[in-house]
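Chemist: Sharing a structure with you now.
Chains as they are written, first to last, in my numbering: chain A, 319 to 433; chain B, 7 to 120.
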C-alpha cells in the first residue's frame, strides 16, 4: 500500500544504546516530520524536514538527530537512549497546500521502550 | 504561548447518539485548524480541516466541525455515532507561514456504549 512506512514497529533498548528509526514515503512529499506520543501529552514534534538535505528542530529535539539524504526517507537517531525516550514515535509526510504545510499522512508508529 | 486545549479526556456516548468533541485554541491570530482520528495501534488520519471561509466544515466518515471565532473553538460533531468511531481524537492547529508541523491537543478518548 502507498503511504508512510516505519521500521521497526517495536524495539526494546538498554539505556545508553543507540538506534535509528527509518521512515519511508512513496508519495513524493516534500515535508516529513517525526513526532513522539506520550500518554496524556498528545503529539509533540521532534524534528522536521522541508526537503532533501534539510532538517530543522521541533519542540522536543534534545537527544535526537535526523537526516534526510533522500527525499523519500527520513531517519531518526537516538544517540544514547534514555528511559525518558520511551514513547511511540510517528513519522508523517505532506505537501504544502499553499496555505498550510500540515502533515497529511502518518505511519503506524514505532513503539520504543528504553530499559 | 500558542496552545490547543481539549477539555475532555474521555467521553462515553451510546451508539446512535450524537457526538460533540470540544477544542479550544489560544493563538495571536486565527490559526488553521484540524481534527485527526487515531484508531488503536494506528497512525493518525486527517478527518477535516479549516483554513477560512465557511465556518462549518465537512469531513470524512460523516464528521463535521464548526469554527467559532468568538469562542476560539473548533468543535467536532457527528449526528449518530457507530461502534467503529471508538478511537482517540486530536485537535490541532497551525499558525501558518512555515513547515514546523502542528500543535496538538492532548486528545479525547471516545468510548461507544452498545
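Note that beta-carbon positions come from the ideal geometry of N, C-alpha and C, so glycine has one too.
Looking at C-alpha atoms only, which residue of A:337, A:431, A:411 is the closest neighbour of residue 402 (chain A)?
Modeler: Along the first chain, read from residue 1 onward, the residue named residue 402 (chain A) stands at position 84. The option with the nearest alpha carbon to residue 402 (chain A) is A:431.
Chemist: Determine, using beta carbons only, whether residue 50 (chain B) comes closer than 8 Å to chain A.
Modeler: Counting from one through the second chain, the residue named residue 50 (chain B) turns up at place 44. Judged by the 8 Å Cβ criterion, residue 50 (chain B) is in contact with chain A.
Chemist: Less than 8 Å separating the beta-carbons of residue 92 (chain B) and residue 116 (chain B)?
Modeler: Locating residue 92 (chain B) in the second chain gives position 86, where the first residue counts as 1. Locating residue 116 (chain B) in the second chain gives position 110, where the first residue counts as 1. Cβ distance < 8 Å, so residue 92 (chain B) and residue 116 (chain B) count as in contact.
Chemist: With 16 as the cutoff for other CB atoms within 10 Å, does residue 394 (chain A) come out buried or exposed?
Modeler: Within the first chain, the letter at position 76 stands for residue 394 (chain A). By the 10 Å Cβ count, residue 394 (chain A) comes out buried.
Chemist: According to DSSP, is residue 100 (chain B) helix, strand or coil?
Modeler: As a working note, residue 100 (chain B) is residue 94 in the second chain. Looking at residue 100 (chain B) - three-state DSSP - the assignment turns out to be strand.
Chemist: Report buried or exposed for residue 87 (chain B), applying the criterion of at least 16 other Cβ atoms within 10 angstroms of its Cβ.
Modeler: Looking up residue 87 (chain B) in the second chain gives position 81. Residue 87 (chain B) is buried by the Cβ-count criterion.
Chemist: Pick helix, strand or coil for residue 122 (chain B), following the three-state DSSP scheme.
Modeler: Residue 122 (chain B) lies beyond the stretch modelled for chain B, which goes from 7 to 120, so this question has no answer here.
Chemist: According to DSSP, simplified to helix, strand and coil, what is residue 354 (chain A)?
Modeler: Walking along the first chain from the start, residue 354 (chain A) turns up at place 36. In this structure, residue 354 (chain A) counts as strand in the three-state DSSP scheme.
Chemist: Under the rule that 16 or more other beta-carbon atoms within 10 Å means buried, what is residue 343 (chain A), buried or exposed?
Modeler: Within the first chain, the letter at position 25 stands for residue 343 (chain A). It is buried - the Cβ of residue 343 (chain A) has at least 16 other Cβ atoms within 10 Å.
Chemist: Nearest CA to the CA of residue 114 (chain B): which residue from B:120, B:29, B:7, B:20?
Modeler: Taking the first residue of the second chain as 1, we reach residue 114 (chain B) at position 108. Ranking B:120, B:29, B:7, B:20 by Cα distance to residue 114 (chain B) puts B:29 first.
Chemist: Between residue 48 (chain B) and residue 90 (chain B), what straight-line distance do the alpha-carbon atoms span, to the nearest angstrom?
Modeler: Here residue 48 (chain B) corresponds to residue number 42 of the second chain, with the count starting at 1. Here residue 90 (chain B) corresponds to residue number 84 of the second chain, with the count starting at 1. Residue 48 (chain B) and residue 90 (chain B): Cα-Cα distance of roughly 14 Å.
Chemist: Measure how close the beta-carbons of residue 341 (chain A) and residue 427 (chain A) come, nearest whole angstrom, since I'm counting them as under 8 Å.
Modeler: Here residue 341 (chain A) refers to the residue found at position 23 when the first chain is read from its first residue. Here residue 427 (chain A) refers to the residue found at position 109 when the first chain is read from its first residue. Not confirmed; about 11 Å, so no contact.
Chemist: With a cut-off of 8 Å, does the C-beta of residue 426 (chain A) fall near any C-beta of chain B?
Modeler: Start at 1 with the first residue of the first chain, and residue 426 (chain A) comes out as number 108. At least one chain B Cβ lies under 8 Å of residue 426 (chain A).
Chemist: Could you give the DSSP three-state label for residue 403 (chain A): helix, strand or coil?
Modeler: The residue given as residue 403 (chain A) occupies position 85 in the first chain. Helix, per DSSP.
Chemist: Could you give the first and the last residue of the continuous beta strand (DSSP E) run that contains residue 26 (chain B)?
Modeler: Your numbering for residue 26 (chain B) matches position 20 in the second chain. First-last of the beta strand (DSSP E) with residue 26 (chain B): 25-27.
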